[in-house]
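Numbering (the UniProt record's numbering), first residue to last: 1 to 560.
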Amino acid sequence: MRNRKFSWKKFGKRLLYTGLVFVGLLLIGFIYLYCVAIDYPPKPADLSSLQLQRKQPSPGFYTIGDNWFRKSKSGLFEMYVEGKPFERGVINGKLSKELVVNQEVYFTDQINKIIPSKSYLSFLKYFIAWFNRDLAKNVSEEYKEEIYGISKSASDKYQFIGSNYQRILNYHAAHDIGHALQSMALVGCTSFGTWNDRSADGTMIVGRNFDFYVGDNFAHDKIVAFFNPSEGHKFMTITWGGFVGAVSGMNEKGLSVTINADKTNIPSGSATPVSLVAREILQYAQNINEAIAIAKRRKMFVSESFLVASAEDNKAVVIEKTPDTLDVYDPHQNYIVCANHFQSKGLAHSKENLVQLSNSASPYRYQRLMELLNAEGKNTVQKTVDILRNRQGLHGEDIGMGNEKALNQLIAHHSVVFEPQKLLVWVSTSPWQLGQFVAYDLKKIFAMKGMQTDHEIVDTALTIKPDTFLNTKAYHDFITFRSLKQKVYDGGEINPDSLVASNPQFYHAYVIAGDYSFKHSDYKKAIGYYKTALTKVVATVNEENYIKKQVEKCTKKLSS
1 MRNRKFSWKK FGKRLLYTGL VFVGLLLIGF IYLYCVAIDY PPKPADLSSL QLQRKQPSPG
61 FYTIGDNWFR KSKSGLFEMY VEGKPFERGV INGKLSKELV VNQEVYFTDQ INKIIPSKSY
121 LSFLKYFIAW FNRDLAKNVS EEYKEEIYGI SKSASDKYQF IGSNYQRILN YHAAHDIGHA
181 LQSMALVGCT SFGTWNDRSA DGTMIVGRNF DFYVGDNFAH DKIVAFFNPS EGHKFMTITW
241 GGFVGAVSGM NEKGLSVTIN ADKTNIPSGS ATPVSLVARE ILQYAQNINE AIAIAKRRKM
301 FVSESFLVAS AEDNKAVVIE KTPDTLDVYD PHQNYIVCAN HFQSKGLAHS KENLVQLSNS
361 ASPYRYQRLM ELLNAEGKNT VQKTVDILRN RQGLHGEDIG MGNEKALNQL IAHHSVVFEP
421 QKLLVWVSTS PWQLGQFVAY DLKKIFAMKG MQTDHEIVDT ALTIKPDTFL NTKAYHDFIT
481 FRSLKQKVYD GGEINPDSLV ASNPQFYHAY VIAGDYSFKH SDYKKAIGYY KTALTKVVAT
541 VNEENYIKKQ VEKCTKKLSS
């Protein structure tokens, strides 16, 4: 066989050819990605609402016709919006423009803190674009028009991420994407309800903590929004700027909905965001069967529990939905409890749910809630608030402030109590669920014909007082703990002993102190912190495993 002389020239040509093919395929891929990811805005038939201008009758009080927006003395923003989908969105955006803009700043700032690498952020942008390529197909035209209307008030500062409409639409799936990417419940929420002989006056009472944390600023500008849509029922939600979905709300028929995340697998693409399914139930269902029918129609890409309480049915159930199936948990008793795991016959023994029960804080919180419900006697609104504020572990054990196993994790975006038969709602004020709970009478608010002068709409006679915990040394110690923790996360210098002293029963305080010492090569001190952490009540199995691995690393470092 004749030996062929190696040709660098030919090799170079082949390399160049291969490189061009690769670049070409990459370019085709990005063009495809760009095309499938673009969510072209809807085309509303009537664009006249774009010409509407908000008026400011007094400082901080804005109106557009009968629609209005104000800030309550409680610190909560309040808003009333009516009309057709696009019109509602435009008016919502114009009335709350500053909050729409600020909320996106808070959201993107938090993302930059979590992912400081610009190159990874750029990659994540394309990943999310691909992941959400079918998002628009799974959102109704009504909600796309409403979102498009709001997007007209969004900032142009983030056009490099996507158009205003693309971004606002995609933010509605942020909960779902974060949940899916980490394959965990980002919101460790707890909800429950009582009725008939479990409530002191026999009527239904539903309470929930929405423990969704995307930084302190994100929870700063909460909106209690009242909607009077051209189709469907009037309803209220606790929300934020630019968001038309629902995480907690009740409609004029006395049907309330709250959502709780559950264990899910990583899906291959997006579907209908959970919050928009909850919103549709609020707007179009007046009883449990109608709520179930809506949930069945919508395809979701994460697993979620919807606690639905109905005045018409005089009971509550949990609609448990995965990307593949749906089941309903009906307790067949006069109370219901929901954490972050499934309870229905069809889903309780699923592989994902068994992992959730074994590894997460959900069953512990469930047991603690049952313990409190059984100890408190017949339920009242005040007792419901007391339970939602409870910071202790099982049997009243001090498990540290901020523990995920506590009902009150001191991170809540909001806490809310519903009385569906009375159409009354109590919403927490800052900080977390520790401030006063202010009451709204939906019968009175939905009977209002606009608001021409700024005035309070809360029912002051029903206000629940702030938690006395706010006046204690323990609370101020917790504020110190949060400050020191943030300083560590920001790369600052602290005394780790001061950190653990500010929250001595919280395992995570010792983990942070251990990580800080490990980073500074003080392995002897780090191993001491880690071992102490293991003597406390650790929230999850994954965290316990992490601590044990850190102990092993420290041991190796000290022996080398």
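Note that CB positions come from ideal geometry on N, CA and C, so glycine has one too.
Please state whether the Cβ-Cβ distance between residue i and residue j is less than 9 Å.
| i | j | result |
| --- | --- | --- |
| Ala154 | Glu78 | no |
| Ser303 | Lys321 | yes |
| Val511 | Tyr546 | yes |
| Lys84 | Asp46 | yes |
| Lys263 | Ala311 | no |
| Gly60 | Gly450 | no |
| Asn170 | Lys152 | no |
| Val244 | Glu146 | yes |
| Phe481 | Phe518 | no |
| Val81 | Asn67 | yes |
| Val385 | Gly188 | no |
| Asn228 | Phe446 | yes |
| Leu434 | Arg389 | yes |
| Lys381 | Trp426 | For clarity, residue 381 is Val in the given sequence; the question names Lys instead. Yes; because the gap between Cβ atoms is below 9 Å, this pair is in contact. |
| Pro420 | Ala293 | no |
| Leu423 | Lys443 | yes |
| Asn408 | Asn209 | yes |
Can you give the Cα-Cα distance for residue i and residue j, rounded to whole angstroms?
| i | j | result |
| --- | --- | --- |
| Asn334 | Ser199 | 9 Å |
| Leu76 | Asp522 | 46 Å |
| Tyr32 | Met250 | Low confidence applies here, because Tyr32 scores a pLDDT of 40, under 50, leaving its location unreliable and the question unanswered by this model. |
| Ala285 | Thr194 | 21 Å |
| Lys43 | Leu50 | 13 Å |
| Ser256 | Lys553 | 49 Å |
| Leu394 | Thr108 | 37 Å |
| Asn196 | Thr203 | 6 Å |
| Lys549 | Leu558 | 14 Å |
| Asn495 | Phe192 | 41 Å |
| residue 638 | Leu52 | No statement about residue 638 is possible, as the shown extent of the chain runs from 1 to 560 and does not include it. |
| Asp441 | Thr258 | 19 Å |
| Tyr62 | Lys73 | 16 Å |
| Asn138 | Tyr148 | 15 Å |
| Leu470 | Gly215 | 21 Å |
| Val355 | Phe86 | 43 Å |
| Val90 | Ser502 | 47 Å |
| Gln283 | Arg391 | 34 Å |
| Arg167 | Lys525 | 46 Å |
| Gly242 | Phe69 | 14 Å |
| Gln56 | Arg279 | 29 Å |
| Ala37 | Thr429 | Unreliable positioning characterises Ala37 in this predicted model, as indicated by a pLDDT of 48, which lies under 50. The coordinate reading is nonetheless provided below. Rounded to whole angstroms, Ala37 to Thr429 spans 38 Å at the Cα level. |
| Lys531 | Leu484 | 21 Å |
| Gly492 | Lys157 | 30 Å |
| residue 563 | Phe478 | Examination of residue 563 is not possible in this model, given that the chain is present from 1 through 560 alone. |
The alpha helix (DSSP H) that contains residue i, what's its start and end?
| i | result |
| --- | --- |
| Ala278 | Val274 to Tyr284 |
| Val458 | Counting along the chain, Val458 falls outside any alpha helix (DSSP H), and DSSP gives it neither H nor E. |
| Leu407 | Per DSSP, Leu407 belongs to no alpha helix (DSSP H) and is neither H nor E. |
| Pro496 | Pro496 to Ala501 |
| Glu146 | Glu141 to Ser151 |
Along the chain, where does the beta strand (DSSP E) that runs through residue i open and close?
| i | result |
| --- | --- |
| Met370 | Met370 -> not in any beta strand (DSSP E); alpha helix (DSSP H) instead, spanning Ser362 to Ala375. |
| Asp386 | That residue, Asp386, is in no beta strand (DSSP E); its alpha helix (DSSP H) goes Val381 to Leu388. |
| Thr239 | Phe235 to Thr239 |
| Gly249 | Ser248 to Asn251 |
| residue 563 | An answer regarding residue 563 cannot be provided, because it is not within the stretch 1 to 560 covered by the chain. |
| Ile64 | Phe61 to Ile64 |
| Ser517 | From DSSP, Ser517 is part of no beta strand (DSSP E) but of the alpha helix (DSSP H) over Tyr507 to Lys519. |
| Asn67 | Asn67 to Lys71 |
| Arg391 | Element bounds for Arg391: n/a, residue is neither H nor E. |
| Cys338 | Tyr335 to Cys338 |
| Thr190 | Thr190 to Thr194 |
| Ser305 | Glu304 to Ser310 |
Report the CB separation of residue i from residue j in whole angstroms; it is logged as a contact under 8 Å.
| i | j | result |
| --- | --- | --- |
| Val541 | Ser362 | 12 Å between Cβ atoms; not a contact. |
| Glu371 | Ile387 | About 10 Å; that fails the 8 Å criterion. |
| Ile288 | Phe306 | Between Phe306 and Ile288 the Cβ distance is about 10 Å, and since that is not below 8 Å, they are no contact. |
| Thr325 | Met300 | Between Met300 and Thr325 the Cβ distance is about 11 Å, and since that is not below 8 Å, they are no contact. |
| Ile319 | Val328 | 6 Å |
Could you tell me whether the region 526-544 touches the region 391-402, where touching means 3 or more Cβ pairs closer than 8 Å? With the cut-off at 8 Å, the region 526-544 and the region 391-402 touch.
Three or more C-beta pairs under 8 Å: does that hold for the region 483-495 against the region 460-470? No, the region 483-495 does not touch the region 460-470.
Between the region 228-248 and the region 413-420, do at least 3 Cβ pairs fall closer than 8 Å? Enough Cβ pairs lie closer than 8 Å, so yes.
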